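Residue numbers (our numbering): 409 to 797.
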Ligand SMILES: [Zn+2]
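Laid out in structure tokens, this is it:
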């Protein structure tokens with residue numbers, strides 16, 4: 409079975425003077441439109457508590473173009489302008505879902521100059537790429553071949569601070585083969601002393617040399633060996649509170665591992681489930697379900713009142729796996745019901761706002777939940793459908 413996977417290739421190109429002028433003008437208009445839409449969204453939000461959507465900002469763009477002072481917006485292709493409104497929509501969405509900070513205004517100096525073109529705004533034929541409002545194709549240095557038959561769906565042109573020009577072509581690749589199904593699942597804990605600890609008890613060391621290569625090998629292996637991979641939904645935002653941990657997490661290249669697991673799982677037909685970051689994975693006994701009172705980071709092994717002795721990280725990985733499997737069975741997110749502001753806001757980030765790969769079971773079944781309060785062990789982790797928000 410084949411699956412469609414989005415891939416992109418980036419190349420350097422050398423614009424003619426006319427092309428450089430056209431692109432610079434487009435970059436300026438993209439930035440202007442983005443900032444004006446952000447301004448409008450900010451006002452709507454702060455003054456009226458209103459969330460503007462893409463359509464509202466798109467209608468504004470039409471109005472702006474009709475005014476005399478903004479008539480220059482008509483001189484460039486409208487597609488990159490629309491695309492920048494779509495990007496802003498995504499950025500606001502991530503903010504509302506508490507996954508990102510509020511979007512920032514684009515400045516001339518700080519922001520990357522770029523413009524995104526979709527199918528209707530470029531022509532790609534016989535290896536020649538021509539953008540809207542241009543007569544000649546771009547002079548692209550094809551440093552590696554675009555796979556045969558690949559038809560770009562999106563083209564992004566950018567210029568870096570050193571005045572070098574790049575074009576990135578995104579296309580859908582149907583050649584990625586799915587692996588045969590297996591029934592194995594693994595829970596993965598991100599650690600300080602080890603890069604990863606698996607629910608199987610295996611510990612994977614932090615890479616010393618050729619880091620990226622190492623990460624590729626690990627993630628490919630994990631995806632090949634397991635049908636379901638359960639990870640903790642640790643975001644950088646949550647890590648900032650604890651600097652030591654934040655440091656370790658970034659050292660451990662967690663974001664990179666996560667993204668590798670995500671796209672490789674898509675390639676090979678596996679699923680990655682992210683369980684809630686409030687899961688008390690370190691403190692919960694994976695044998696009896698008792699919750700230890702406190703678990704400072706220096707505690708590496710502990711013994712539960714049920715006599716089970718745990719390696720801190722392996723125990724955590726087992727709890728992560730169990731929570732992920734519970735989510736699969738229930739078709740629900742694993743979200744503790746807590747009466748703390750943090751817990752409540754986490755509960756409000758609904759399944760519909762998560763990425764599809766987070767939990768294949770949560771799609772279309774948004775309003776169910778699994779209660780982790782009062783604390784229960786994974787063997788007793790039962791589905792509780794119909795928990796309302
Ligand atoms: Zn126990």
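Glycine included, each C-beta is placed from N, C-alpha and C at the ideal position. Model, not experiment: these values are computed from the prediction.
- In this structure, ligand 1 has no non-hydrogen atom nearer than 7 Å to the beta-carbon of residue 707.
- In this chain, the beta strand (DSSP E) harbouring residue 533 covers 530-533.
- Burial is judged here by how many other beta carbons sit within 10 angstroms of a residue's own beta carbon; residue 605 has at least 16 and is buried.
- Distances taken from the Cβ of residue 716 to the heavy atoms of ligand 1 include one shorter than 7 Å.
- Remark: the shortest separation between the CB of residue 712 and any heavy atom of ligand 1 falls under 7 Å.
- As far as DSSP is concerned, residue 707 takes part in no beta bridge.
- The beta carbon of residue 495 sits closer than 7 Å to none of the beta carbons in its chain outside the five residues before and after it.
- Residue 615 is positioned such that its CB atom lies no closer than 8 Å to that of residue 624.
- A distance criterion of 7 Å places the beta-carbon of residue 695 in contact range of ligand 1, judged by its closest non-hydrogen atom.
- Selection 462, 722, 554 and 618 evaluated against residue 415 yields 554 as nearest (Cα-Cα).
- If you draw a straight line from the Cα of residue 448 to the Cα of residue 520, it comes to about 22 Å.
- Distances taken from the Cβ of residue 452 to the heavy atoms of ligand 1 include none shorter than 7 Å.
- Residue 596 is a Cβ neighbour of residue 728, given a cutoff of 8 Å.
- The beta carbon of residue 439 is closer than 6 Å to those of 514 in its chain, skipping five residues each way along the sequence.
- Counting only runs of 4 or more residues that sit fully inside the segment 435-511, the alpha helix (DSSP H) segments are 462-474 and 486-504, in chain order.
- Three or more Cβ pairs closer than 8 Å define a contact, and the segment 464-472 falls short of that threshold against the segment 537-555.
- Less than 8 Å separates the beta-carbon of residue 504 from that of residue 459.
- Beta-carbon to beta-carbon, residue 561 and residue 580 are separated by about 6 Å, close enough to satisfy the 8 Å threshold.
- The beta carbon of residue 717 sits closer than 6 Å to those of 711, all from its chain and outside the five residues before and after it, given in chain order.
- Contact between residue 550 and residue 422 does not hold, since their C-beta atoms are separated by about 13 Å, which reaches or exceeds 8 Å.
- For residue 667, the uninterrupted alpha helix (DSSP H) run begins and ends at 662-676, by DSSP.
- Within the segment 513-570, the complete beta strand (DSSP E) segments at least 3 residues long are 521-526, 530-533, 536-539 and 560-567, listed from N- to C-terminus.
- Ranking 570, 492 and 576 by CA distance to the CA of residue 559 puts 576 first.
- Separation of the CB atoms of residue 417 and residue 522 is rounded to 16 Å, and the pair is thereby denied contact status at 8 Å.
- Short note on residue 698: C-beta closer than 7 Å to some heavy atom of ligand 1.
- Where residue 622 is concerned, the enclosing alpha helix (DSSP H) starts and stops at 619-633.
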